[in-house]
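Novice: Quick one: the structure is below, questions incoming.
Numbering (UniProt numbering), first residue to last: 1 to 199.
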């Protein structure tokens, strides 16, 4: 097993000292200041991924780092962050329900926030992206669909199941003809509306 040379190996944008994992996880739904310029809103806990585990050559990293992985934030105020800057949680005067709704992780399945070693068989099945969803995702962003798979493949992992990847590639092949058909329908509708309006 290769040791971590620095916290940078875990690909964190910002590493801080002096706060425990539980305190960090409790910042979800709150705003924090980093130094005197940068203001962040904490949306959700970060969960480690199997790609990072493979990149770092650290078997068990996902399960061992589960509660200590940090948080995902939205930048509210840009600025410069310097080594040694303090991080402080801002007091909130708003409604807690509204704040927590804003921090809602939206489409993440509940098992996304459960340590993989604690998954039930049903939760594990629920984490597999269905082929129809993969196909829709590839229709929206074919380059991103392929890029994420290549990234995982580069460290000997798969992001999509075989069936989901095939469905995505099928959707990708249909994307251009489908867009042309949609465009043709839209043009026909617009022309029809103009003809009716002229009459």
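Idealized CB from N, CA, C, for every residue including glycine. Quick caveat, the model's predicted, so the values are computed rather than measured.
Mapping the DSSP letters down to three states, classify residue 73 as helix, strand or coil.
Specialist: Assignment of residue 73 by DSSP, reduced to helix, strand and coil, places it in the strand class.
Novice: Could you give the DSSP three-state label for residue 39: helix, strand or coil?
Specialist: strand
Novice: Output needed for residue 12: all residues of its chain with C-beta closer than 8 Å, excluding positions within five of it in sequence on either side, in chain order.
Specialist: 70
Novice: Hey, how far is the Cα of residue 79 from the Cα of residue 32?
Specialist: 13 Å
Novice: Taking a contact to mean a Cβ-Cβ separation below 8 Å, would you say residue 138 touches residue 181 in this structure?
Specialist: The answer is no: Cβ separation not under 8 Å.
Novice: Are the Cβ atoms of residue 103 and residue 166 separated by less than 8 Å?
Specialist: no
Novice: In this structure, does DSSP put residue 204 in helix, strand or coil?
Specialist: Missing from the structure shown is residue 204; the chain here goes from 1 to 199 and no further.
Novice: The beta strand (DSSP E) spanning residue 88 covers which residue range?
Specialist: DSSP places residue 88 in the uninterrupted beta strand (DSSP E) bounded by 87-89.
Novice: Does DSSP put residue 180 in a helix, in a strand, or in coil?
Specialist: Of the three classes helix, strand and coil, the one that applies to residue 180 here is helix, per DSSP.
Novice: Can you tell me where the beta strand (DSSP E) with residue 28 in it begins and where it stops?
Specialist: For residue 28, no beta strand (DSSP E) encloses it, and the DSSP letter there is neither H nor E.
Novice: Secondary structure at residue 47, three-state DSSP: helix, strand or coil?
Specialist: Looking at residue 47 - three-state DSSP - the assignment turns out to be coil, as it is neither helix nor strand.
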